[in-house]
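Enquirer: Residue numbers (my numbering), protein chains in the order written: chain W, -6 to 216; chain X, 96 to 700.
Questions regarding the structure given below will be posed in turn.
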Amino acid sequence: MKRGLDGPAPEERPTPAGRRNKQGIRIDPEVEATHDPRRTVISALVKHEPGVLSDVSGLFSRRQFNIESLTVGPTEDEERARITVVVEEPDPGIDQIKKQLRKLVPVISVRELEPDAMRRELALVKVSADRPDQVAAVAEMYGGKTVDSCPETATIEITGARQKIEAAVETFSQFGIREISRTGLTALARGTDETAAPSSAGVAADEMNRQDEHPHTQTADDD
Amino acid sequence: MSERAAKVTPTEADEQDDDQITDSAAPDAATDDTESATATTPTPVTNGAQSVVRALENAGVEYAFGVQGGAIMPVYDALYDSEIYHVTMAHEQAAAHAADAYGIVSGEPGICLATSGPGATNLVTGIADADMDSDPLVALTGQVPTEFVGNDAFQETDTTGVTKPVTKDNTFASDSDRVGTDVSEAFALAREGRPGPTLVDLPKDVTNGETETEPDEPKTPDTYHVQERADAEIVAAAAERLENAARPVMLLGGGVIKGEASEACREFAIEHEIPVVTTMPGIGAFPEDHELSMEMAGMHGTGFANMAITHCDTMLAIGTRFDDRLTGGIETFAPDAEIIHIDIDPAEISKNIYADYPLVGDAETVVDQLSAAVETSPEAKKWRAQCQQWKSDYSMAYDAPEDEPVQPEFVVEALDEATADDTIVTTGVGQHQMWACQYWTYTEPRTWVSSHGLGTMGYGLPAAIGARLAADDDQDVVCIDGDGSFLMTLQELSVAVRENLDITVAVLNNEYIGMVRQWQDAFFEGRHSASDYHWMPEFDKLAEAFGAAGFRIDDYDDVAETIEAAIDYDGPSVIDVHIDPEANVYPMVPSGGDNGQFALTEDQL
Ligand SMILES: Cc1ncc(C[n+]2csc(CCOP(=O)(O)OP(=O)(O)O)c2C)c(N)n1
Ligand SMILES: [Mg+2]
């Protein structure tokens, strides 16, 4: 007996002219439009309750979003905490991150910060103290502070944007770095611009409708 | 509602006795007045567990599905005095599937209960299934007393941790005064917006703890926002696009049914004469016997549906998440189409397929908005003729020679023939599920109950139990199952027999996990590694051992008569249908393939 169904075979069928890229965006078949990942800072205001950090970190691992750092801390309101995430994704991925974060019930509001937002990170760098004067000089150069010293080691606290910390670490490496601990980035929007404000329903609705135009060329640099 | 309550037989007598005991002053025959008085002033709660049950009662819950156990005992004790009818299942997985199906058919969250540890972990498959299909479900799990949590106590599992990724939201109850409200909130969250499963983990000290606090009414937390109406400007732009479409298609997903938008979509499609394709969960959103229906698209969708979505220039997609089983390879999905995407979940917009017109909102509301905005129908006469042509070019007609083993398509059609239009179909997962999609003609929403996103074998029978309790009494419930799938949860026949549930299970028995066998033949050189199930029991006899009616079909001659007898049987029946073990499902788009290049035979793969 005949197995299968009748009908024109695949090669006998008309084929459409168009094509989409991997992100589901229609493209000119001649040119491969790719979306390069960009680094950006997303700030979320969340309910300060047990489990919310694992909700957020679980979301990132489950959906394979690339994150560079994630920090959390209390805010002026003891019932709310702020989570700051540095992500590196193409635009559609960044869009998804924001939307998925907003879906978590304990998340109050989410926003991607402008490139000019204030971004800071704190690092504790413990180096060998064979050359204490030079260590102190480098610390000063980066506006750092010696927070601990003993005959063998000196520990310097440095605050700043990521690039500054990286430059400082690079310079300190000449003394022999024993240990480093970095907090990851925290950030706030500038001036009267609110970082991630408790949204009224209207704002939330507006955020829901908005979707970034693709392709997106903006890049976010550290200050 | 009252007809459903009428089916509640086993404990009715007990409840009446209880009433008389608690209300000893009342005369033998309670008058309507005293009945409504007791209904409006329920006895105050005294502990957390009673508050949990009160929250369910306030939410209008009529049924709960579950299995008893140490940590959940306080809740079961509170249920003992409740009007809520508890259906004891043989396995917690089945409790979750039954609750899931109850939610699909009724539109209200289904409730399942389990104890801590293994009870909770047994629920997980069913919860994950509900999560993938956005089915409203509330799971209540017992937990070891708070002071033992974290100590690896007996039957302790981090249930909120385990279920976090597969729930819409979950909560660890920490306060007897608040636990009832936790449950109310979980109920509201399961139902509102994009539905989904929620879970409340209930430590025994919290449920046993004294409280007089009545739970709040079901209400979502204030951080939860649902947008009902779409942005008017985008609606206007989308309307204009539709008016100018030359090759429009509507793609209806499960969200259409959940959003009660089937009627609005039907009217829209018919008014503007737009061909309609559905996803698998969208089956029933549009009558498949209508000439505009192109039926289901995707991996095993009809050839004509896949041609239509591949060649359309405008796609109005409603309540779908563009799952890979629907889209095939993203690169070749509706590559010429501008997409108008309506969804209540903003995260579904442009997740897999970029939406040119993103419309966030409730499906029915937004379809109404769009309907008001569209002034002229698209001029698509040629396109409609093309779609009709595809319907005949790629007809689903199959061969069924008398002298060959029974073909599964014939059995599905015979079942459809033997039952009314509003019959509910549940399935397992595999080839039989696909034949059930393809060869049954669905005409009404909430009649197709299946495991789509998770693809859970064993879903069919417990789902039929849940669907039966949610369905109207005069609706038939048929489970089209596979031998492998049925074997995974057939212990639930004991429940169907105990509750005398009128369901018919038709096992399309190919003595294979056939879908795997089909892939092995196509992609693994016919090496049947672990897919040959010649060791299947005789399902008709097994059914009889459970106390259900058992039937068997071997030949075409038996089909109609046996199906009729099984459907007519008042109670659970099982038909062991021995089908052609070599039968395959076509059309087929291989994973990640081009929908327009679907194979009609194995050599086209
Ligand atoms: C719980 C579970 N385990 C394994 C699978 C993988 N799987 C998908 S279809 C299938 C075959 C199902 O066999 P059967 O129920 O007999 O259906 P048939 O394909 O033969 O109609 C299997 C094993 C699954 N979907 N679910
Ligand atoms: Mg089988």
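We put the CB at the ideal spot given by N, CA and C, even for glycine.
Could you tell me whether the Cβ of methionine -6 of chain W comes closer than 7 Å to any Cβ of chain X?
Expert: So yes, methionine -6 of chain W belongs to the interface.
Enquirer: Kindly say whether glycine 86 of chain W, judged by its beta-carbon, lies nearer than 7 Å to any beta-carbon of chain X.
Expert: Cβ-Cβ to chain X under 7 Å: no for glycine 86 of chain W.
Enquirer: Measuring CA to CA, which of X:Tyr171, X:Glu152, X:His192, X:Glu312 is closest to threonine 521 of chain X?
Expert: Among X:Tyr171, X:Glu152, X:His192, X:Glu312, the Cα nearest to that of threonine 521 of chain X is on X:His192.
Enquirer: Suppose the cutoff is 6 Å on Cβ atoms and the five residues either side in sequence are ignored; what does the same chain contact list for proline 503 of chain X look like?
Expert: Closer than 6 Å at the Cβ level, and outside the excluded window around proline 503 of chain X, lie Trp530, Leu603, Ile674, Ala678.
Enquirer: Could you work out which residue in X:Leu387, X:Met375, X:Ser466 is closest to threonine 422 of chain X when comparing CA atoms only?
Expert: The candidate whose alpha carbon is nearest that of threonine 422 of chain X is X:Met375.
Enquirer: Measuring straight from C-alpha to C-alpha, what distance separates isoleucine 199 of chain X and aspartate 578 of chain X?
Expert: Near 24 Å, if we compare the C-alpha coordinates of aspartate 578 of chain X and isoleucine 199 of chain X.
Enquirer: Less than 7 Å between the C-beta atoms of valine 600 of chain X and cysteine 574 of chain X, yes or no?
Expert: Contact flag set, yes.
Enquirer: Under a three-way DSSP split, which group does isoleucine 444 of chain X fall into?
Expert: It is coil, neither helix nor strand.
Enquirer: The beta strand (DSSP E) that contains glutamate 81 of chain W, what's its start and end?
Expert: Looking at the DSSP string, the run of the beta strand (DSSP E) that includes glutamate 81 of chain W is 73 to 82.
Enquirer: For threonine 397 of chain X, is the classification buried or exposed, using 16 other Cβ atoms within 10 angstroms of its Cβ as the cut-off for buried?
Expert: That one is buried.
Enquirer: Comparing alpha-carbon positions, which option in X:Val239, X:Asp253, X:Thr405, X:Leu218 lies nearest methionine 394 of chain X?
Expert: Of the listed residues, the one whose Cα sits closest to methionine 394 of chain X is X:Thr405.
Enquirer: List the endpoints of the continuous beta strand (DSSP E) containing tyrosine 651 of chain X.
Expert: Counting along the chain, tyrosine 651 of chain X falls outside any beta strand (DSSP E), though it belongs to the alpha helix (DSSP H) covering 651 to 663.
Enquirer: Please state the DSSP three-state secondary structure of aspartate 112 of chain X.
Expert: With a pLDDT of 41 at aspartate 112 of chain X, under the threshold of 50, the modelled position of that residue is not reliable, and no figure is offered here.
Enquirer: Between arginine 73 of chain W and chain X, is the shortest Cβ-Cβ distance under 7 Å, so that the two count as touching?
Expert: No, because no Cβ of chain X sits closer than 7 Å to the Cβ of arginine 73 of chain W.
Enquirer: Taking 7 Å as the CB-CB limit, is arginine 12 of chain W close to chain X?
Expert: It does; some Cβ of chain X falls within 7 Å.
Enquirer: For ligand 2, any of its heavy atoms closer than 6 Å to the Cβ of tyrosine 607 of chain X?
Expert: Yes, since a heavy atom of ligand 2 falls inside the 6 Å radius drawn around the Cβ of tyrosine 607 of chain X.
Enquirer: Who are histidine 192 of chain X's beta bridge partners in DSSP?
Expert: In the DSSP output, where bridge partners are listed per residue, histidine 192 of chain X has none listed.
Enquirer: Following a CB-centred definition, is glycine 579 of chain X positioned closer than 6 Å to any heavy atom of ligand 3?
Expert: The model on display carries ligand 1 and ligand 2 but not ligand 3.
Enquirer: If you count every other CB in all the chains shown that lies within 10 Å of the CB of threonine 634 of chain X, and 16 or more means buried, which is it?
Expert: Note that residue 634 of chain X is phenylalanine in the sequence shown here, rather than threonine. That one is buried.
Enquirer: Hey, does aspartate 457 of chain X have any beta-carbon neighbour from chain W nearer than 7 Å?
Expert: With 7 Å as the cut-off, aspartate 457 of chain X does not count as an interface residue toward chain W.
Enquirer: Pop quiz: methionine 410 of chain X and isoleucine 435 of chain X are said to be a contact at Cβ under 8 Å. What is the actual Cβ separation, rounded to whole angstroms?
Expert: Confirmed, Cβ separation roughly 7 Å.
Enquirer: Using only alpha-carbon positions, find the residue among X:Thr415, X:Asp311, X:Asp627, X:Ile670 that is nearest to lysine 636 of chain X.
Expert: For lysine 636 of chain X, the nearest C-alpha among the options comes from X:Ile670.
Enquirer: Which one of W:Asp29, W:Ile149, W:Asp186 has the shortest CA to CA distance from glutamate 105 of chain W?
Expert: Nearest of W:Asp29, W:Ile149, W:Asp186 to glutamate 105 of chain W, Cα basis: W:Asp186.
Enquirer: Within the present structure, is the beta-carbon of methionine 491 of chain X separated from the nearest heavy atom of ligand 1 by less than 6 Å?
Expert: No, the Cβ of methionine 491 of chain X stays beyond 6 Å of every heavy atom of ligand 1.
Enquirer: Using a 10 Å radius around the Cβ and a threshold of 16 neighbouring Cβ atoms, would you call asparagine 605 of chain X buried or exposed?
Expert: Per the 10 Å Cβ criterion, buried.
Enquirer: With a threshold of 7 Å between beta carbons, is proline 3 of chain W in contact with chain X?
Expert: With 7 Å as the cut-off, proline 3 of chain W counts as an interface residue toward chain X.
Enquirer: With a threshold of 8 Å, are at least 3 pairs of Cβ atoms found where one atom belongs to the stretch 269 to 278 of chain X and the other to the stretch 200 to 215 of chain X?
Expert: Not touching, per the Cβ criterion.
Enquirer: Check the DSSP bridge columns for lysine 40 of chain W and list the partner residues they point to.
Expert: Lysine 40 of chain W is bridged to W:Arg73.
Enquirer: Between leucine 695 of chain X and the rest of its own chain, which residues show a CB-CB distance below 8 Å, the 5 nearest in sequence each way excluded?
Expert: If we look at leucine 695 of chain X and ignore the five residues flanking it on each side, its Cβ neighbours are Gly398, Tyr489, Tyr681, Pro682.
Enquirer: At a cut-off of 6 Å, is glycine 701 of chain X close to ligand 1 when judged by its beta-carbon and the heavy atoms of the ligand?
Expert: Outside the shown range of chain X (96 to 700) lies residue 701 of chain X, about which nothing can therefore be said.
Enquirer: Would you list, in chain order, the members of the stretch 15 to 37 of chain W that have their beta-carbon closer than 8 Å to a beta-carbon of chain X?
Expert: Here the close residues are Lys15, Gln16, Gly17, Ile18, Arg19.
Enquirer: Would you say the beta carbon of valine 524 of chain X is closer than 6 Å to some non-hydrogen atom of ligand 1?
Expert: Yes, since a heavy atom of ligand 1 falls inside the 6 Å radius drawn around the Cβ of valine 524 of chain X.
Enquirer: Tell me whether valine 706 of chain X, by its Cβ, gets closer than 6 Å to a heavy atom of ligand 1.
Expert: This structure leaves residue 706 of chain X out entirely; chain X is present only between 96 and 700.
Enquirer: Using a threshold of 7 Å, state whether the C-beta atoms of proline 87 of chain W and glutamate 114 of chain W are closer than that.
Expert: Looking at the sequence shown, residue 87 of chain W is not proline but isoleucine. No.
Enquirer: Who are the neighbours of valine 100 of chain W on chain X, taking C-beta pairs under 7 Å?
Expert: Simply Thr318.
Enquirer: Does the stretch 281 to 298 of chain X come into contact with the stretch 237 to 256 of chain X, if we say contact requires no fewer than three beta-carbon pairs (one atom in each stretch) closer than 8 Å?
Expert: Touching, per the Cβ criterion.
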